[in-house]
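K.L.:
In this note's numbering, the protein residues as written are 5 to 431.
1. Report the option in 193, 338 and 325 whose CA atom is closest to the CA atom of residue 400.
2. Distance check for residue 205 and residue 177, CA to CA, integer angstroms please.
3. Using the Cα positions of residue 15 and residue 398, report the straight-line distance between them to the nearest angstrom.
4. So, is the C-beta of residue 134 closer than 8 Å to a C-beta in chain B?
5. Taking residue 187 as the reference, give the member of 169, 224, 251 and 355 with the closest Cα.
6. Just tell me which of 156, 379 and 151 has its CA closest to the CA of residue 192.
7. Roughly how many whole angstroms lie between the Cα atoms of residue 166 and residue 409?
8. For residue 246, which residues from the same chain have a beta carbon less than 6 Å from its beta carbon, with the 5 sequence-adjacent residues on both sides left out?
9. To the nearest angstrom, how far is it from the Cα of residue 189 to the Cα of residue 363?
10. At a cut of 8 Å, does the segment 105-121 reach the segment 410-418 through at least three beta carbon pairs?
11. To test your reading of the DSSP string, which unbroken beta strand (DSSP E) runs of 3 or more residues are found completely within the segment 86-170?
12. Measure the Cβ-Cβ separation of residue 406 and residue 302 and say whether it is below 8 Å.
13. Just reading off the alpha helix (DSSP H) that residue 200 is part of, what are its end residues?
14. Rounded to a whole number of angstroms, what is the C-alpha to C-alpha distance between residue 4 and residue 100?
15. Can you tell me whether residue 381 is helix, strand or coil according to DSSP?
16. Measure the alpha-carbon distance for residue 268 versus residue 361 and round it to whole angstroms.
17. Classify residue 373 as buried or exposed, calling it buried when 16 or more other Cβ atoms lie within 10 Å of its own Cβ.
18. With a cut-off of 8 Å on the beta carbons, I'd call residue 336 and residue 300 a contact; round off their distance for me.
19. To test your reading of the DSSP string, which unbroken beta strand (DSSP E) runs of 3 or more residues are found completely within the segment 313-364?
20. Apart from the five residues on each side of it in sequence, which residues of its chain come closer than 8 Å, Cβ to Cβ, to residue 194?
21. Where does residue 221 sit, in a helix, a strand or coil, going by DSSP?
22. Using 10 angstroms around the beta-carbon of residue 313, count the other beta-carbons present and answer buried if the total reaches 16, otherwise exposed.
23. Hey, out of 354, 326 and 183, whose CA is closest to residue 436's CA?
24. Is residue 418 helix, strand or coil when you go by DSSP?
25. Any idea what DSSP makes of residue 284, helix, strand or coil?
26. Residue 398 lies in the alpha helix (DSSP H); which residues open and close that run?
27. Please report the residue range of the alpha helix (DSSP H) in which residue 272 lies.
28. Name the residue from 334, 232 and 317 whose alpha carbon lies nearest to the alpha carbon of residue 287.
29. Report all residues from its chain with a CB closer than 8 Å to the CB of residue 308; omit the five preceding and five following residues, and keep chain order.
30. Measuring straight from C-alpha to C-alpha, what distance separates residue 83 and residue 387?
31. Please return the same chain residues whose Cβ sits closer than 7 Å to the Cβ of residue 28, not counting the five positions on each side in sequence.
32. Under three-state DSSP, which class holds residue 307?
33. I'd like to check one pair, residue 136 with residue 153: are the Cβ atoms closer than 8 Å?
34. Less than 8 Å between the C-beta atoms of residue 216 and residue 182, yes or no?
35. Which word fits residue 420, buried or exposed, when buried means at least 16 other C-beta atoms lie within 10 angstroms of its C-beta?
As structure tokens, then:
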């Protein structure tokens with residue numbers, strides 16, 4: 005059978021292969037086999053990539069970042085992160101200077117995490133206490149019946165183990181939340197300080213984390229000053245009581261043209277600063293309607309810090325340094341999927357353990373977060389597309405870097421029972 009002729013350059017003669025000299029035939033055969041071998045290797049490589057590592061093409065992100073590189077991080081890395089705490093040991097210069105970890109009774113795994121990694125913590129805040137007024141029925145309530153509840157959650161064995169693991173360096177500062185109308189606070193400062201000081205003395209706490217209504221009228225400043233003095237008197241061996249104040253992040257306006265409203269100001273924080281050790285910023289409560297929303301977009305985080313610290317003039321710059329030096333940047337260990345909050349356990353079950361159902365993964369350059377799109381596994385929505393956001397090592401590294409860039413004291417994690425196995429290794 006006569007083969008089709010191949011066009012050559014004018015200077016070369018086109019000759020049927022059957023009429024070529026033997027030397028020309030050998031050269032042609034050698035080129036053919038070289039090409040065949042290369043083609044076979046390329047086909048083998050493509051088949052291996054598709055069949056053995058089908059997720060490696062789903063690179064996290066499309067651009068390199070000055071702080072970290074997301075292009076080298078695949079879903080397989082995150083799967084390893086969920087299985088081993090040895091994957092992400094970080095050099096000291098990339099870790100936050102200080103770490104506050106919250107633990108909650110409804111995610112008890114957090115207590116085990118805090119105990120195991122106590123040596124990495126600066127502050128530990130078990131979410132145990134509430135200030136309540138069961139008898140409150142009218143606006144002229146005089147404070148009788150004000151109660152500190154939640155003491156039944158106290159676990160002395162766990163606290164002792166935490167202190168031993170940290171060589172007594174971690175500061176135990178349980179969170180106390182105010183569950184009484186704000187108008188009661190001005191008249192109850194002496195009662196509150198007495199209740200908290202006695203509990204700290206009896207339980208061996210180093211102070212408290214306070215989630216109270218913060219106002220511009222000086223009442224909360226009076227409370228922090230009185231409580232710090234009361235703790236020093238009740239616990240003589242406690243040289244410097246630790247008071248941390250939880251500060252809500254500002255909420256984005258529902259309409260684009262509406263300026264944000266924020267009742268917490270730098271001026272207010274400056275009145276608290278002499279009595280407060282740290283401000284724990286709640287920069288993990290961004291999503292008012294979590295469906296498809298980011299967890300904690302970086303521009304919003306930066307805006308919160310600016311609104312809490314920036315003032316004009318040279319004195320304003322000095323004040324900003326003071327305030328930022330007391331701030332802990334709030335970081336979530338939870339995410340959102342289909343409009344519902346999810347923990348690390350749920351993220352692993354729905355996404356990482358079902359990697360073949362993950363359709364897309366990308367790094368959002370605007371929010372500085374990873375986004376996952378996968379097929380639902382059960383219920384009426386089975387097979388439907390679900391969009392999820394969940395923090396990843398890249399998410400944390402970028403925020404650690406921001407904390408250092410802004411001169412903040414460190415980070416605050418909400419909360420230790422919600423993350424993947426490897427997350428504490430980032431501290």
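Think of the CB as a built atom: it goes at the ideal place given N, C-alpha and C, for glycine as much as any other residue. None of these values were measured; they are calculated from a predicted model.
P.N.:
The structure says:
1. 338
2. 12 Å
3. At residue 15 the pLDDT is 43, less than 50, meaning the model places this residue with poor confidence; the figure from the coordinates comes in the next sentence. Near 59 Å, if we compare the C-alpha coordinates of residue 398 and residue 15.
4. Given the protein chain composition of this structure (a single chain), no chain B is represented.
5. 224
6. 151
7. 31 Å
8. 175, 177, 210, 211 and 281
9. 52 Å
10. yes
11. 103-107, 127-136 and 151-153
12. yes
13. 193-207
14. No statement about residue 4 is possible, as the shown extent of the chain runs from 5 to 431 and does not include it.
15. coil
16. 44 Å
17. buried
18. 6 Å
19. 331-336, 339-341 and 344-346
20. 230
21. coil
22. buried
23. Outside the displayed range of the chain (5 to 431) lies residue 436, so it cannot be described from this structure.
24. strand
25. strand
26. 397-409
27. 270-276
28. 334
29. 253, 254, 285 and 287
30. 22 Å
31. Because the pLDDT at residue 28 is just 44, under 50, the model does not fix this residue reliably, and the point stays unresolved.
32. helix
33. yes
34. yes
35. buried
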